[in-house]
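S.K.: Please see the structure below; I have some questions.
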Amino acid sequence: MSTYRKTGRRFFLYDFDIGGHRFYGSTKCTSKRDADAFERARKSEARKQLEEAAALGRQPMTFGVASTRYWEEVGQFASTSGGIEWSLAWLQREVGKGTRLPAITGATVAKLVQKRRRDAVQRGEISVPVSNATVNRTVTEVLRRILKRAAEVWREPVAPIRWRDHLLKEPEERVRELRDDEETKLFKSLRPDYHAIVRFALLSGCRLNECVSLRWQDVDWGGRQIWIKGKGDKLAPIPMPPSIRELLWPLQGQHPEFVFTYVAKRASEVRRVGGRYPITYEGLKTAFRRFAKTALPGYRFHDNRHTAATRVMRASGNIKIAQTLLRHTSITTTTKYAHVVHDEVLDAMERAAKTRSATQSPDISPDIEDSDRKKAK
1 MSTYRKTGRR
11 FFLYDFDIGG
21 HRFYGSTKCT
31 SKRDADAFER
41 ARKSEARKQL
51 EEAAALGRQP
61 MTFGVASTRY
71 WEEVGQFAST
81 SGGIEWSLAW
91 LQREVGKGTR
101 LPAITGATVA
111 KLVQKRRRDA
121 VQRGEISVPV
131 SNATVNRTVT
141 EVLRRILKRA
151 AEVWREPVAP
161 IRWRDHLLKE
171 PEERVRELRD
181 DEETKLFKSL
191 RPDYHAIVRF
201 ALLSGCRLNE
211 CVSLRWQDVD
221 WGGRQIWIKG
231 KGDKLAPIPM
241 PPSIRELLWP
251 LQGQHPEFVF
261 TYVAKRASEV
271 RRVGGRYPIT
281 YEGLKTAFRR
291 FAKTALPGYR
301 FHDNRHTAAT
311 RVMRASGNIK
321 IAQTLLRHTS
331 ITTTTKYAHV
341 VHDEVLDAME
351 RAAKTRSATQ
361 SPDISPDIED
371 SDRKKAK
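Residue numbers (UniProt numbering): 1 to 377.
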């Protein structure tokens, strides 16, 4: 074996040649036996890479190239580009920019998920573990999209991965409706320049990223509708009733492109105090959490979407209307709001029970003739 350890170094190194191609680096092993085992595995991997390169006529794409290309073609144009940029930087560091795409296997994904689960986020003065949803969104889903694009669009070889085996279980989405008294508390806690975007979310049921990315070109005043870019960058119109029209109309002129803006309280290289600037995804998420957490602990921005749906359901009693508002492809997704009509069903049952029917007593059938009923007595 060609493993060795330099004087004063902790780990053994490997250095071998296959077909004129040199492979070398650290085994990250402290024993000769483990280092030799590592080198055998590395040689097997190297032979496979060379075979794939021969079939392609070139070396397979590295993760550094693939992730950068994904950012340039897709990531930077997404409404959640800030989060995607962070994920790509994290993945490049953990996967390694020089790692060839075929070397990214299910075992690689499992290690990445395990490492990300050990991370923590700061919530005020305490640190809390990242949620399963955060791990799925920042690691597994982003990596899956990169490799899928590499295979389907760039025609690069990638290893088969059972992605569903690596997605962590997330709790079922709760349906949290904002009560009237809570709504008063919420708007008292919010800065006035954030009122319009939160009110829009309560009226339209739009998601956070859909609200911040809304542009004036998406508002069709004459057609009384608004074009929303939803999940998967799918464009779909939602109606613009008078309540939303009255909300949006005074906002014209505050910014030439974006509908919702905030007033800068502090100056920077790109902002001046008192100037209006587009509300960003991360900015709104942070501000909403800061403002609302004292007034309504546990209330999230996404609960505004739930509130819009439940209010529409209660007003109409029609789940199809709620499905159209939320732009759900399947009505199964909308059924979680079916509980809203519970009170209406109760009222209907009670009204039916009080309506005079043929049977006044549950133990007497209306099909029995009067003479037979008298005999039965």
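Backbone N, C-alpha and C fix where the C-beta goes; we use that ideal spot for every residue, glycine too.
Counting pairs of Cβ atoms below 8 Å between the region 137-149 and the region 266-286, do you hit three or more?
M.R.: no
S.K.: Threshold first: 4 residues or longer. Then list the alpha helix (DSSP H) segments lying entirely within the region 190-272, N to C.
M.R.: Correct list: 195-204, 208-212, 242-248.
S.K.: Mind checking which residues open and close the alpha helix (DSSP H) that includes arginine 144?
M.R.: 141-152
S.K.: Using alpha carbons as the reference points, say which of Thr30, Phe38, Arg33 lies closest to phenylalanine 16.
M.R.: Phe38
S.K.: Label aspartate 220 either buried or exposed according to how many other C-beta atoms from any shown protein chain fall within 10 Å of its C-beta, with 16 as the threshold for buried.
M.R.: exposed
S.K.: With H, G and I counted as helix, E and B as strand and the rest as coil, what does DSSP make of valine 74?
M.R.: coil
S.K.: According to DSSP, which residues form a beta bridge with isoleucine 18?
M.R.: His21
S.K.: By alpha-carbon positions, which one of Ala107, Leu247, Thr140, Val263 ends up nearest to tryptophan 90?
M.R.: When only C-alpha atoms are compared, the closest one is Thr140.
S.K.: Can you tell me whether asparagine 304 is buried or exposed, with buried defined as 16 or more other CB within 10 angstroms of its CB?
M.R.: buried
S.K.: Hey, residue 378 and leucine 203 are a contact pair by Cβ (cut 8 Å); roughly how many whole angstroms apart?
M.R.: Because the chain here runs from 1 to 377, residue 378 falls outside it and cannot be looked at.
S.K.: With a cut-off of 8 Å, do at least 3 Cβ pairs link the region 289-306 to the region 220-230?
M.R.: Too few Cβ pairs lie closer than 8 Å, so no.
S.K.: Does the separation of the CB atoms of alanine 295 and leucine 167 fall below 8 Å?
M.R.: At the C-beta level, alanine 295 and leucine 167 stay beyond 8 Å of one another.
S.K.: Taking the beta carbon of glycine 138 as the centre, do at least 16 other beta carbons fall within 10 Å, making it buried, or is it exposed?
M.R.: Per the sequence shown, residue 138 should be read as threonine rather than glycine. By the neighbour-count rule (16 or more Cβ atoms within 10 Å), threonine 138 is buried.
S.K.: Tell whether a beta-carbon distance below 8 Å holds between leucine 88 and glutamate 156.
M.R.: Taking a C-beta distance under 8 Å as the contact criterion, leucine 88 and glutamate 156 do not qualify as a contact pair.
S.K.: Inspect the beta-carbon positions of isoleucine 197 and phenylalanine 291 and report whether they are closer than 8 Å.
M.R.: no
S.K.: Reducing DSSP to helix, strand and coil, say where alanine 376 ends up.
M.R.: Because alanine 376 carries a pLDDT of 49, less than 50, the predicted location of this residue cannot be relied on, and the following value inherits that uncertainty. Looking at alanine 376 - three-state DSSP - the assignment turns out to be helix.
S.K.: Give me the Cα-Cα distance between threonine 359 and methionine 349, rounded to the nearest whole angstrom.
M.R.: Unreliable positioning characterises threonine 359 in this predicted model, as indicated by a pLDDT of 48, which lies under 50. The coordinate reading is nonetheless provided below. Between threonine 359 and methionine 349, the C-alpha separation is close to 16 Å.
S.K.: Give the C-beta separation of isoleucine 238 and phenylalanine 200 to the nearest angstrom, bearing in mind that I take them to be a contact with Cβ-Cβ under 8 Å.
M.R.: At roughly 11 Å, the Cβ-Cβ gap does not stay under 8 Å, so isoleucine 238 and phenylalanine 200 are not in contact.
S.K.: Whose C-beta lies closer than 7 Å to the C-beta of arginine 272 among residues of the same chain, with five residues either side of it excluded?
M.R.: Within the same chain, arginine 272 has close Cβ partners Ala264.
S.K.: Using the three-state DSSP reduction, which class does isoleucine 184 fall into: helix, strand or coil?
M.R.: Note that residue 184 is threonine in the sequence shown, not isoleucine. Residue state, collapsed to three classes: helix.
S.K.: Can you name the residues that DSSP bridges to proline 171?
M.R.: DSSP lists no partner for proline 171.
S.K.: Tell me whether arginine 314 sits in a helix, a strand or coil according to DSSP, three-state version.
M.R.: helix
S.K.: In terms of alpha-carbon separation, which member of Arg266, Arg5, Gly205 lies closest to residue 425?
M.R.: The requested residue 425 is not part of the displayed model; the chain covers only 1 to 377.
S.K.: Please report the straight-line C-alpha distance between histidine 255 and glutamate 269, rounded to a whole angstrom.
M.R.: 19 Å
S.K.: Using a Cβ-Cβ cutoff of less than 8 Å, which residues in the same chain neighbour tyrosine 24 once the five nearest sequence positions on both sides are dropped?
M.R.: Counting only Cβ-Cβ distances below 8 Å, and skipping sequence neighbours, we find Leu13, Tyr14, Asp15, Phe16.
S.K.: Based on the DSSP output, what are the partners of threonine 62 in its beta bridges?
M.R.: Arg100
S.K.: So, at 8 Å on beta carbons, what are the nonlocal neighbours of valine 135 in its own chain, with the 5 sequence-adjacent residues on each side left out?
M.R.: Here valine 135 has Val113, Arg116, Arg117, Leu168 as same chain residues with Cβ atoms under 8 Å from its own Cβ, once five neighbours each way along the sequence are excluded.
S.K.: Between arginine 215 and the rest of its own chain, which residues show a CB-CB distance below 7 Å, the 5 nearest in sequence each way excluded?
M.R.: Glu257, Phe258, Val259
S.K.: Sorted by chain position, which residues of the same chain lie with C-beta nearer than 6 Å to serine 26's C-beta, five sequence neighbours on each side aside?
M.R.: Phe11, Leu13
S.K.: For glutamine 217, which option in Ser127, Glu183, Gln252 has the closest C-alpha, if you only look at C-alpha atoms?
M.R.: Gln252
S.K.: Can you name the start and end residues of the alpha helix (DSSP H) that tyrosine 281 belongs to?
M.R.: 281-295
S.K.: Note down, in chain order, each residue of its chain lying with its Cβ closer than 6 Å to the Cβ of aspartate 193, except the 5 sequence neighbours on either side.
M.R.: Tyr262, Val263
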